[in-house]
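> Numbering (the numbering used here), first residue to last: 3 to 390. Glycine residues also receive a C-beta, built at the ideal position from the N, C-alpha and C atoms.
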Ligand SMILES: [Zn+2]
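#1: Going by CA-CA distance only, name the one from 193, 22, 167 that's closest to residue 49.
#2: Is there at least one non-hydrogen atom of ligand 1 closer than 6 Å to the beta-carbon of residue 334?
#3: List, from N- to C-terminal side, the alpha helix (DSSP H) runs of 4 residues or more that fit wholly inside the stretch 290 to 332.
#4: Output the boundary residues of the alpha helix (DSSP H) element that contains residue 1.
#5: Does the stretch 143 to 162 come within contact of the stretch 119 to 128, defined as at least 3 CB pairs closer than 8 Å?
#6: Relative to the C-alpha of residue 66, which residue among 81, 54, 55 is closest?
#7: Let me know if residue 283 comes out buried or exposed under the rule of 16 or more other beta-carbons within 10 Å of its beta-carbon.
#8: Between the alpha carbons of residue 298 and residue 29, how many angstroms are there, rounded?
#9: By Cβ distance, which residues of its chain are closer than 6 Å to residue 89, with the 5 residues on each side in sequence left out?
#10: Since residue 165 contacts residue 115 with CB under 8 Å, what's their CB separation in whole angstroms?
#11: Kindly indicate which three-state DSSP category residue 74 falls into: helix, strand or coil?
#12: Below 8 Å on the Cβ atoms is my guess for residue 37 versus residue 107; work out the distance and round it to an integer in Å.
#13: Run through DSSP, which three-state label would residue 357 get?
#14: Are the CB atoms of residue 18 and residue 52 nearer to each other than 7 Å?
#15: Suppose you measure from the CA of residue 281 to the CA of residue 352; what does that come to, to the nearest Å?
#16: Count the CB pairs spanning the stretch 213 to 231 and the stretch 303 to 315 that are closer than 8 Å, and state whether there are at least three.
#17: With distances taken from CA atoms, which of 216, 274, 245 is nearest residue 256?
#18: Look at the alpha carbon of residue 328 and the alpha carbon of residue 55, and state the distance between them as a whole number of angstroms.
#19: Looking only at C-alpha atoms, which of 163, 338, 320, 97 sits nearest to residue 23?
#20: Please report the distance separating the alpha-carbon of residue 390 from that of residue 288.
#21: Which residues does DSSP pair with residue 122 in a beta bridge?
#22: Helix, strand or coil for residue 282? Go by DSSP, reduced to three states.
#23: Should residue 135 and residue 307 be called a contact, given that it needs their Cβ atoms to be closer than 7 Å?
#24: Thinking C-alpha only, which one of 33, 12, 91, 93 is nearest residue 57?
#25: Roughly how many angstroms separate the alpha carbons of residue 148 and residue 68, rounded to a whole number?
#26: Below 6 Å, is the gap between the Cβ of residue 213 and the nearest heavy atom of ligand 2?
#27: Looking at the secondary structure, which residues open and close the beta strand (DSSP E) in which residue 54 lies?
#28: Sort out for me which residues DSSP pairs residue 352 with in a bridge.
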């Protein structure tokens with residue numbers, strides 16, 4: 003019994019199989035090639051496995067502008083961030099009148115991963131895109147930076163995928179949307195809350211997940227493992243933290259970890275919607291949206307990523323955001339709490355800034371156990387030592 007339908011009703015799968023593979027591989031050999039950046043390769047993977055259903059390829063100009071202007075595809079479905087494939091002027095010229103192109107990774111020996119049937123090549127409106135997606139054109143913003151580095155033109159069309167981009171890590175955690183859906187069904191979960199993260203999980207986020215788990219059947223911790231900022235904790239270290247947490251503190255039959263192969267945009271509210279749409283494809287019925295979801299610096303208001311859900315009609319997104327405050331251990335409540343549940347003052351609460359926590363870990367010191375599980379702290383301390 004499916005937990006929730008994908009946006010548009012059908013879970014897309016762009017991978018070709020059977021005898022079609024050899025034919026497509028043969029065709030790809032004779033096509034012009036385009037090396038895809040790591041960020042766009044993450045999108046290719048998401049598209050291939052249906053995490054971006056109903057999209058069947060990189061978006062064209064009508065959808066691009068419709069998404070930027072209205073947060074909807076031109077056919078009316080909710081969509082908050084364009085999914086495009088960049089090419090510079092030279093590249094566009096090289097493609098000339100070709101009606102298909104073979105997409106490869108960045109290595110010079112890279113084999114074609116997919117064939118894109120070119121529908122159009124259009125000019126990116128960088129300023130409009132930066133404002134609409136990131137709310138700023140400031141090139142100190144990591145998302146704007148990535149946009150500045152992307153080509154001026156976008157190649158749009160449907161994809162036929164030969165192979166997913168190769169990975170050598172987290173192989174047992176790389177479940178596709180149809181696989182997470184099957185796993186939810188096997189476990190008998192009708193309602194599933196997704197938790198997006200690009201950070202180690204401390205007590206505060208563990209608490210939010212467990213509050214959510216009190217009201218739904220299952221929890222999917224879904225760490226993003228595509229490109230992030232250089233100063234974010236690397237995914238392999240984070241994964242060891244999640245494993246330690248799961249081993250010690252999570253009920254195995256009600257919680258699972260799988261990875262989300264997307265690149266981080268740092269688009270705050272727009273990315274919260276995008277994350278929700280993607281997680282709906284993975285079968286989640288609920289998504290935890292905390293303060294400053296997918297934010298960076300002080301580009302977004304604390305609650306903007308929660309408020310943006312109000313801009314859709316009730317039921318339009320289908321997935322339900324669970325809006326949370328920041329949480330903490332309170333010495334007088336003698337438990338985890340948030341401003342919604344704890345009447346006490348700051349002095350009674352154990353709260354540490356990110357900077358303070360990093361400083362403690364770097365010095366080999368565990369943050370208080372009310373802030374971070376010791377098993378998690380030890381992994382982070384070890385990683386900091388290795389990196390020093
Ligand atoms: Zn309290």
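The relevant details are as follows:
#1: Distances from the alpha-carbon of residue 49 to those of 193, 22, 167 put 167 closest.
#2: Within the cutoff, so yes.
#3: Within the stretch 290 to 332, the runs of alpha helix (DSSP H) that reach at least 4 residues and sit entirely inside it are, in chain order, 306 to 309.
#4: Because the chain is modelled from 3 through 390, residue 1 falls outside the range shown and cannot be assessed.
#5: In short, these stretches touch, since the Cβ pair count reaches three.
#6: The option with the nearest alpha carbon to residue 66 is 81.
#7: Burial call: buried.
#8: Approximately 43 Å between the Cα atoms of the pair.
#9: These residues qualify, in order along the chain: 153, 155, 157.
#10: Contact check for residue 165 and residue 115: beta-carbon distance about 5 Å, within the 8 Å limit, so the pair qualifies.
#11: Looking at residue 74 - three-state DSSP - the assignment turns out to be strand.
#12: Taking C-beta atoms under 8 Å as the contact rule, residue 37 and residue 107 qualify, at a distance of about 7 Å.
#13: Residue state, collapsed to three classes: helix.
#14: In this structure, residue 52 does not lie closer than 7 Å to residue 18 by Cβ.
#15: Going by C-alpha positions, residue 281 is about 32 Å away from residue 352.
#16: These segments do not touch.
#17: The residue among 216, 274, 245 with its C-alpha nearest the C-alpha of residue 256 is 216.
#18: Looking at the two C-alpha atoms, the distance is approximately 32 Å.
#19: Considering only alpha carbons, the answer is 163.
#20: Model confidence at residue 390 stands at a pLDDT of 46, short of 50, so the residue's coordinates are unreliable; what they give is reported in the following sentence. One alpha carbon belongs to residue 390, the other to residue 288, and they sit about 39 Å apart.
#21: Per DSSP, 158.
#22: For residue 282, the secondary structure class from DSSP, reduced to helix, strand or coil, is helix.
#23: With respect to residue 307, residue 135 sits apart: the two C-beta atoms are not nearer than 7 Å.
#24: When only C-alpha atoms are compared, the closest one is 12.
#25: Cα-Cα distance, rounded: 21 Å.
#26: Within the structure as shown, ligand 2 is missing, the only ligands being ligand 1.
#27: For residue 54, there is no enclosing beta strand (DSSP E), as DSSP marks it with neither H nor E.
#28: DSSP output for residue 352 lists 331 as bridge partner(s).
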